[in-house]
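Q: Residue numbers (our numbering), protein chains in the order written: chain A, 365 to 725; chain B, 7 to 370; chain C, 2 to 314.
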Amino acid sequence: MTLKTVTIVSAIALSTVAATAEEVRVYNWSDYIDEELLAKFEDETGIDLIYDVFDSNELLETKMLAGGSGYDVVVPTGSFLQRQIQAGVFMPLDKDKLSNFDNVWDVIQDRTARFDPENAYSINYMWGTTGIGANIGKVTEALGDDAPIDSLELVFNPANMEKLGECGVHFLDAPDEMMPAALTYLDLDPNSHDKDDLEKAAGVLEAVRPYIQKFHSSEYINALANGDICVAFGWSGDILQARDRAAEADNGVEIAYNAPSEGALMWFDQMAIPEDAPNPEAAHKFIDFILDAQNMAAASNYVYYANGNKASQEFLAEDVIGDPAIYPTPDALENTYIKGPYPQKVQRVVTRLWTRVKSGT
Amino acid sequence: MAEKPLIQFRNVTKRFGDFTAIDNLTIDIFEREFFALLGPSGCGKTTMMRMLAGFETPTEGEIFLAGQDIVPVPPNQRAVNMMFQSYALFPHLSVWENIAFGLKREGMPKPEINARVEEMLRLTRLEKFARRRPHQISGGQRQRVALARSLAKAPKLLLLDEPLGALDRKLREETQFELMDIQEKTGTTFVIVTHDQEEAMTVASRVAVMDNGQVMQVATPADIYEAPNSVYVADFIGDVNLIEGKVSATGDGTFALHWRDGAEPLRVKSPTGFAEGQTAHLAIRPEKVTISAERPAEAANAVQGKVLDIAYLGNLSTYHVELPTGDIIKAQTANTRRISRRDYTWEDTVWLSWTATGGVLLAN
Amino acid sequence: MGRHRLAVLDGHWRRLVGELMRRFLLIAIPYIWLLALFLVPFVIVLKISLSDAAIARPPYFPQFDWAEGIRAFIAELDFENFLWLVEDDLYWKAYLSSLRIALTSTALTLIVGYPIAYGMARAPEEWRPTLMMLVILPFWTSFLIRVYAWKGILSNEGFLNQFLLWSGLASEPLQILNTTTAVYIGIVYTYLPFMILPIYAALERMDDSLIEAAEDLGCSRLSAFWLVTIPLSKGGIIAGCFLVFIPAMGEFVIPSLLGGSDTLMIGKVLWEEFFSNRDWPVASAVAVILLLILVVPIVLFQRNQQKEQESEE
Numbered sequence: 365m366t367l368k369t370v371t372i373v374s375a376i377a378l379s380t381v382a383a384t385a386e387e388v389r390v391y392n393w394s395d396y397i398d399e400e401l402l403a404k405f406e407d408e409t410g411i412d413l414i415y416d417v418f419d420s421n422e423l424l425e426t427k428m429l430a431g432g433s434g435y436d437v438v439v440p441t442g443s444f445l446q447r448q449i450q451a452g453v454f455m456p457l458d459k460d461k462l463s464n465f466d467n468v469w470d471v472i473q474d475r476t477a478r479f480d481p482e483n484a485y486s487i488n489y490m491w492g493t494t495g496i497g498a499n500i501g502k503v504t505e506a507l508g509d510d511a512p513i514d515s516l517e518l519v520f521n522p523a524n525m526e527k528l529g530e531c532g533v534h535f536l537d538a539p540d541e542m543m544p545a546a547l548t549y550l551d552l553d554p555n556s557h558d559k560d561d562l563e564k565a566a567g568v569l570e571a572v573r574p575y576i577q578k579f580h581s582s583e584y585i586n587a588l589a590n591g592d593i594c595v596a597f598g599w600s601g602d603i604l605q606a607r608d609r610a611a612e613a614d615n616g617v618e619i620a621y622n623a624p625s626e627g628a629l630m631w632f633d634q635m636a637i638p639e640d641a642p643n644p645e646a647a648h649k650f651i652d653f654i655l656d657a658q659n660m661a662a663a664s665n666y667v668y669y670a671n672g673n674k675a676s677q678e679f680l681a682e683d684v685i686g687d688p689a690i691y692p693t694p695d696a697l698e699n700t701y702i703k704g705p706y707p708q709k710v711q712r713v714v715t716r717l718w719t720r721v722k723s724g725t
Numbered sequence: 007m008a009e010k011p012l013i014q015f016r017n018v019t020k021r022f023g024d025f026t027a028i029d030n031l032t033i034d035i036f037e038r039e040f041f042a043l044l045g046p047s048g049c050g051k052t053t054m055m056r057m058l059a060g061f062e063t064p065t066e067g068e069i070f071l072a073g074q075d076i077v078p079v080p081p082n083q084r085a086v087n088m089m090f091q092s093y094a095l096f097p098h099l100s101v102w103e104n105i106a107f108g109l110k111r112e113g114m115p116k117p118e119i120n121a122r123v124e125e126m127l128r129l130t131r132l133e134k135f136a137r138r139r140p141h142q143i144s145g146g147q148r149q150r151v152a153l154a155r156s157l158a159k160a161p162k163l164l165l166l167d168e169p170l171g172a173l174d175r176k177l178r179e180e181t182q183f184e185l186m187d188i189q190e191k192t193g194t195t196f197v198i199v200t201h202d203q204e205e206a207m208t209v210a211s212r213v214a215v216m217d218n219g220q221v222m223q224v225a226t227p228a229d230i231y232e233a234p235n236s237v238y239v240a241d242f243i244g245d246v247n248l249i250e251g252k253v254s255a256t257g258d259g260t261f262a263l264h265w266r267d268g269a270e271p272l273r274v275k276s277p278t279g280f281a282e283g284q285t286a287h288l289a290i291r292p293e294k295v296t297i298s299a300e301r302p303a304e305a306a307n308a309v310q311g312k313v314l315d316i317a318y319l320g321n322l323s324t325y326h327v328e329l330p331t332g333d334i335i336k337a338q339t340a341n342t343r344r345i346s347r348r349d350y351t352w353e354d355t356v357w358l359s360w361t362a363t364g365g366v367l368l369a370n
Numbered sequence: 002m003g004r005h006r007l008a009v010l011d012g013h014w015r016r017l018v019g020e021l022m023r024r025f026l027l028i029a030i031p032y033i034w035l036l037a038l039f040l041v042p043f044v045i046v047l048k049i050s051l052s053d054a055a056i057a058r059p060p061y062f063p064q065f066d067w068a069e070g071i072r073a074f075i076a077e078l079d080f081e082n083f084l085w086l087v088e089d090d091l092y093w094k095a096y097l098s099s100l101r102i103a104l105t106s107t108a109l110t111l112i113v114g115y116p117i118a119y120g121m122a123r124a125p126e127e128w129r130p131t132l133m134m135l136v137i138l139p140f141w142t143s144f145l146i147r148v149y150a151w152k153g154i155l156s157n158e159g160f161l162n163q164f165l166l167w168s169g170l171a172s173e174p175l176q177i178l179n180t181t182t183a184v185y186i187g188i189v190y191t192y193l194p195f196m197i198l199p200i201y202a203a204l205e206r207m208d209d210s211l212i213e214a215a216e217d218l219g220c221s222r223l224s225a226f227w228l229v230t231i232p233l234s235k236g237g238i239i240a241g242c243f244l245v246f247i248p249a250m251g252e253f254v255i256p257s258l259l260g261g262s263d264t265l266m267i268g269k270v271l272w273e274e275f276f277s278n279r280d281w282p283v284a285s286a287v288a289v290i291l292l293l294i295l296v297v298p299i300v301l302f303q304r305n306q307q308k309e310q311e312s313e314e
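1. Tell me, please, whether the CB atom of Ser262(C) is closer than 8 Å to any CB atom in chain A?
2. What is the DSSP secondary structure of Ser221(C), counted as helix, strand or coil?
3. Does the segment 614 to 623 of chain A come within contact of the segment 429 to 436 of chain A, defined as at least 3 CB pairs closer than 8 Å?
4. Could one say the Cβ of Asn87(B) lies closer than 8 Å to chain C's Cβ atoms, at least one of them?
5. Put Gln163(C) into one of helix, strand or coil per three-state DSSP.
6. Return helix, strand or coil for Arg304(C), following the three-state DSSP convention.
7. Taking C-beta to C-beta, are Ser144(B) and Met89(B) nearer than 8 Å?
8. Closest Cβ-Cβ distance between Ile56(C) and chain A: below 8 Å?
9. Using only the alpha-carbon positions, how far apart do Lys10(B) and Glu37(B) sit?
10. What are the boundary residues of the beta strand (DSSP E) that Pro11(B) is part of?
11. Given a cut-off of 8 Å, decide if Arg212(B) and Glu62(B) are closer than it, judged by their beta-carbon atoms.
12. Given a cut-off of 8 Å, decide if Gly431(A) and Arg58(C) are closer than it, judged by their beta-carbon atoms.
13. Give me the chain C residues within the contact set of Arg609(A), using Cβ-Cβ distance strictly less than 9 Å, ordered along the chain.
14. For Phe65(C), which residues in chain A fall below 8 Å Cβ to Cβ?
15. Only counting runs of 3 or more residues, tell me where the beta strand (DSSP E) segments fall wholly within the segment 261 to 286 of chain B, in order along the chain.
16. Please classify Trp128(C): is it buried, with 16 or more other beta-carbons within 10 angstroms of its beta-carbon, or exposed?
17. I'd like to know if Gly237(C) contacts chain B, where contact means its C-beta is closer than 8 Å to some C-beta of that chain.
18. Taking buried to mean at least 16 other C-beta atoms within 10 Å of its own C-beta, is Ala299(B) buried or exposed?
19. Would DSSP call Met207(C) helix, strand or coil?
20. Under the criterion of a Cβ to heavy atom distance below 7 Å, does Glu39(B) qualify as lining the ligand SAH?
21. Kindly provide the ranges of any beta strand (DSSP E) runs that are 3 or more residues long and lie completely inside the segment 93 to 179 of chain C, ordered along the chain.
22. Taking three-plus beta-carbon pairs below 8 Å as touching, is the segment 653 to 673 of chain A in contact with the segment 393 to 405 of chain A?
23. Counting Cβ pairs, one atom from each stretch, are 3 or more of them under 8 Å apart for the segment 52 to 66 of chain C and the segment 409 to 429 of chain A?
24. Would you call the segment 459 to 476 of chain A and the segment 494 to 511 of chain A in contact, with 3 or more CB pairs under 8 Å?
25. Look up Gln220(B) in the DSSP assignment and say whether it is helix, strand or coil.
26. Would Ala54(C) pass as a contact of Trp281(C) if the rule is Cβ separation under 8 Å?
27. Using a Cβ cut-off of 7 Å, pull out every chain C residue sitting near Glu425(A), in sequence order please.
28. Could you check what DSSP says for Val237(B) in three-state terms: helix, strand or coil?
29. Which residues mark the beginning and the end of the beta strand (DSSP E) in which Val339(A) is found?
30. Check Lys709(A) in the structure and name its three-state DSSP category.
31. Using CA coordinates, which residue listed in Ala262(B), Val295(B) and Leu272(B) is at the minimum distance from Gly279(B)?
32. Put Lys294(B) into one of helix, strand or coil per three-state DSSP.
33. Could you compute how far the alpha carbon of Ser257(C) sits from the alpha carbon of Val270(C)?
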């Protein structure tokens, strides 16, 4: 009985402390914001900002599903978000508290509504495509001037990969990205849940497996920029970062990013508020701050990813808005697909196939 | 002891860095001897034993065992076994296995090992403890296991490093006799290292008294006690009164020791000669000094003094008597009567007397 | 009078109850410890392993509901997930592979660690605290950083390959990083102190005269080592092997940082079940089996030790 009283008393004490020093906890991908924006947010609102980073959707999802993460704003990718909404992880956004909500870009909103009907739970932060990063010099050396650097042929045709294997190829360690790409290569539905289709896609990956140096979701940025590898199948912004690093280092490495001409996966990282967020009020303030046209533009100019904010486009740097690798042309945008989440049973098959691709078991 | 020596140390020197542990030492040990190396710690006796076992090699000189130079022979190939001060019993093996350890290394056939171990267990009265581990038996039993183990291989020479040091006094005395008994039964040559003079005197047939890496005297226990060859040996073994003075010959192998101006010189018979006026010590054991109330008529030497202290040892009493010169002389008497009827007490004036052959005259 | 007797009785009772309480506490504390830190978490994991995956928070079903009662709750549990583990050869291959890697690296750690422990125990007494310090010193740096450092040493452009090329021992860089060899190196390096310390403790206690006694009784240096030093350090060897084997079996960080994609270990499979498949029940089943694999040899060993001791009494 006394124990209970003590708990209640301390709970009250804690909540008072929390009220006096207001804070908001944000959990976002690593290297995904201009840090000056964080200081600016604290200056403008007087709210303490605690900003943590993660590097895999799986990690974020496990925290969300376990509950009690203590975060107020998190940034999962669309396909993950959809399942998390079903699990009841998020609270609906209160649009009345978002004064900058009208800045959003309808082109993106239409697409994200497929994960998040009516965009009730989330707002887009950044989006991009998954595609091919190539070290132009090394690839032409291996395959000649007409090397298909904008085609899945480059990475899924064993004849090409055999030659590229010498100079190093990295693939994302993410079956949710790689399986749809292999399905696209086979001219099958990238969203197929059919076991036979998935087996075939795994077959494509297994055929080129011997020439892949590593499956990893972030090491390729440095490896590509240093010239250690010649091809990476990865995320658009990361490959563009590699391109810029190489240019800055002036090391003779020239990197190009291309969305596959057969069709590219388009992904969306969405800001959402966990259902058990300690401070939803401040969470809304943070999202509203990001939705500000100039702030959003600053973030994109920094990380080289496109955003879902129409109003921000007038503040974007020319090498961002003008680069079709970041903001694809309307035609190219038509040539993309969106991947939905796998149902539990299919997810299991995909993970199992992925393990087989990687380890041969 | 006319036979050939079993062990010969020939001009052996052992140095550890700057420290000389054994200094140009030559000594013979004969077969079937029970030989004791006696001395204070650091005198080099343990080094000598470890050189015999093969754990140390001499810096200079040779060591022969039955005529063979054993310096280059490693310890595991010497017909020598050692009983360690700590016993060094293998804690993971039973008493039986400990005793059989050396036999198994020899490659002895199993039935013979069994027979030999049983024999050793019988010899040391350990039959009942064969299956126990060393930590499950008493200190005395452990000591016997160590002995049995080192005797099992029937070595030509058995080395015993302070074998009784860890036992209490009563057990130690019993075990001393047991050791002598076993040595006699097995006919093995024993070399024992000890700092305990009583132990050495009890068990050994010959004793080597050592000091600073040198052997001071090698003799039977009786000779060591009765006829020490130096002040060091006399002082180290038992209790002794040492009186310094200048010698003058009085003929017939008798000498007068002028020890204090104005005091009557002491008369001593000595087989060795002394130069006129040479400085020497008279060493006389307290039990050779008689205490009496009156001056004895016939005594060769008599001095008067005052009882300063009485040490009661039960069977004996030692009287510390102060002479007018300030010297203190100890006299010992057997307590044949009850203590209440003792003749002398503190502050009594008494006479001390001894014969001309009671003491030994030692040159410096 | 009656009252007085009652008071005496009361005093007796109190003392008795006090004594019982004291004994109870004495016995209870280790059990409570075991219960809180081992049994309760295990039962939770076991319960999840008997559940089904679901899109929910937390992502499994059934959740315990007081209203429906324990009977209804238990009725929902089943062994489906364990059957699943049997059906796919991935799992037992991963267990076997982990077992092989753990056993091999334990043996390697022993081979590397024993001479070090032996050298430390034989070193002059005044050096020993320093040597001990050197063994423990790496713990002052984060484990993760040390494993990352090995990436720098073992990579194709790393120190090791640069040295090999420079010295002419290799004509082209050796592929060590991202192979099972790198995993062995990582495990041996990381767990070496856990092998050295118990063996050192056993060897340091050992009386040097035991070796001399063995030599005196006819052993060569080598046979004295086998017949005396090894048996006497057995306790340390066993403790060290357990301390290395158990964490190596479930190791995740080292294979994922140093190993290749084809290094199959149960820790990685578990991670994938938990994070990629978000199938907590199957992940829990994998963990339960892993625990059984680890606990069974420990229990058998304990029993054996106990029997040995009893036969000695």
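In this text, a Cβ means the ideal position worked out from N, Cα and C, and glycines have one as well.
A: Let me lay it out:
1. Yes, its Cβ sits closer than 8 Å to a Cβ of chain A.
2. Note: Ser221(C) maps to coil in three-state DSSP.
3. As far as the Cβ criterion goes, the segment 614 to 623 of chain A does not touch the segment 429 to 436 of chain A, which means the pair count is below three.
4. Taking CB atoms only, Asn87(B) has a neighbour in chain C less than 8 Å away.
5. In the structure shown, Gln163(C) adopts helical secondary structure according to DSSP, grouped into three states.
6. Correct three-state label for Arg304(C): helix.
7. Going by C-beta atoms, Ser144(B) is not nearer than 8 Å to Met89(B).
8. At least one chain A Cβ lies under 8 Å of Ile56(C).
9. For Lys10(B) and Glu37(B), the distance between alpha carbons rounds to 8 Å.
10. Pro11(B): member of the beta strand (DSSP E) spanning Pro11 to Phe22, first to last residue.
11. No; because the gap between Cβ atoms is not below 8 Å, this pair is not in contact.
12. Taking C-beta atoms as the reference points, Arg58(C) and Gly431(A) count as a pair closer than 8 Å.
13. Ordered by position in chain C, no residue passes the 9 Å Cβ test against Arg609(A), which lies about 17 Å from the chain.
14. Neighbourhood of Phe65(C) in chain A, by CB distance below 8 Å: empty, with the nearest CB roughly 15 Å away.
15. Scanning the segment 261 to 286 of chain B from its first residue to its last, the whole beta strand (DSSP E) runs of 3-plus residues come out as 272 to 275.
16. Its Cβ having fewer than 16 others within 10 Å, Trp128(C) is exposed.
17. No, because no Cβ of chain B sits closer than 8 Å to the Cβ of Gly237(C).
18. Burial is judged here by how many other beta carbons sit within 10 angstroms of a residue's own beta carbon; Ala299(B) has fewer than 16 and is exposed.
19. Coil.
20. Because no ligand of any kind appears in the structure shown, any question about the ligand SAH cannot be addressed here.
21. If we require 3 residues or more, the segment 93 to 179 of chain C turns out to have no beta strand (DSSP E) run fully inside it.
22. The segment 653 to 673 of chain A, when compared against the segment 393 to 405 of chain A, does touch it at the 8 Å Cβ threshold.
23. Between the segment 52 to 66 of chain C and the segment 409 to 429 of chain A, the count of Cβ pairs shorter than 8 Å is three or higher; the stretches touch.
24. With the cut-off at 8 Å, the segment 459 to 476 of chain A and the segment 494 to 511 of chain A do not touch.
25. If DSSP states are grouped into helix, strand and coil, Gln220(B) belongs with the strands.
26. Cβ distance < 8 Å, so Ala54(C) and Trp281(C) count as in contact.
27. In chain order: Arg279.
28. DSSP places Val237(B) in helix when its eight states are reduced to three.
29. Residue 339(A) is absent from the structure shown; chain A starts at 365 and stops at 725.
30. The answer is helix: DSSP assigns Lys709(A) an H, G or I state.
31. Comparing Cα-Cα distances from Gly279(B) to each of Ala262(B), Val295(B) and Leu272(B), the minimum goes to Ala262(B).
32. Reduced to three states, the DSSP call for Lys294(B) is helix.
33. Rounded to the nearest angstrom, the two C-alpha atoms are 11 Å apart.
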